[in-house]
Amino acid sequence: MLFQSPANPESDQAWFSLMPPGKGFVQVEDAGRFNLKPGLSISAHSSGDMYNIAAFHQLDCLSSIREYLWHLKFAVDTNKTEQLRPILLDPQEDHILSCFDYLRQSIMCAGDTTLEWPAEDSHGRQATVDGWGVPHHCVDWNALLEQTQQDVLPV
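The working numbering numbers the first residue of the sequence shown as 144 and each following residue consecutively.
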């Protein structure tokens with residue numbers, strides 16, 4: 144349940160460890176052969192462009208929403224409501240709002256069609272459908288990290 148934990152050094156490190164160096168940005172040589180639009184220019188001396196792998200962009204968005212939520216929760220829980228205004232007026236809020244739509248689109252694009260059954264409560268009765276314990280067919284995240292690290296760019 145580490146990823147559900149409140150923000151603390153251990154849970155923050157767990158989230159941080161999901162990202163490769165460079166936050167998922169990779170260099171692509173001759174992007175035209177993949178029908179890609181021009182990427183971010185790396186330098187005048189480089190022949191490749193920089194692109195972000197969508198899975199890591201999605202994870203970065205989720206991590207940003209998590210961080211924003213915990214800042215808000217901390218301000219409310221500690222009754223430091225004067226901290227709410229700067230958090231809510233922070234330019235980061237626009238990024239958070241765009242992340243919600245980006246993640247919505249990502250979920251709709253990759254739509255996992257696994258059928259999930261309800262969890263059981265401590266008395267063996269059906270409770271809510273939470274997705275835990277249901278097998279899903281997933282991307283090999285470690286393989287994705289490994290491949291990304293081969294093409295990583297410092298960001």
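Every residue, glycine too, gets a C-beta built ideally from N, C-alpha and C.
Straight-line Cα distance separating residue j from residue i
i: Q226; j: K216; result: 11 Å
i: T224; j: M144; result: 29 Å
i: M251; j: D244; result: 11 Å
i: V298; j: S265; result: Confidence at V298 is low in this model, with a pLDDT of 48, below 50, so its placement is unreliable and no value can be given for it.
i: L287; j: A197; result: 11 Å
i: T271; j: Q248; result: 25 Å
Simplified DSSP assignment, three categories, for residue i
i: V172; result: Sequence inspection shows Glu at residue 172; the Val mentioned does not correspond to that position. Strand.
i: M144; result: coil
i: L183; result: strand
i: W284; result: helix
i: E153; result: helix
i: M193; result: strand
i: E263; result: strand
i: M162; result: coil
Nearest-angstrom beta carbon gap, residue j and residue i [assumed within contact, 8 Å]
i: T291; j: P163; result: 4 Å
i: E259; j: V277; result: 5 Å
Residue i classed as buried or exposed, judged by whether at least 16 other C-beta atoms fall within 10 angstroms
i: C281; result: exposed
i: Q147; result: exposed
i: V169; result: buried
i: F199; result: buried
i: G267; result: exposed
i: G167; result: buried
i: G165; result: buried
C-beta atoms of residue i and residue j nearer than 8 Å
i: G175; j: Y194; result: no
i: D273; j: A262; result: yes
i: P149; j: W213; result: yes
i: L202; j: L232; result: no
i: A218; j: I230; result: yes
i: S184; j: D192; result: yes
i: L205; j: L246; result: yes
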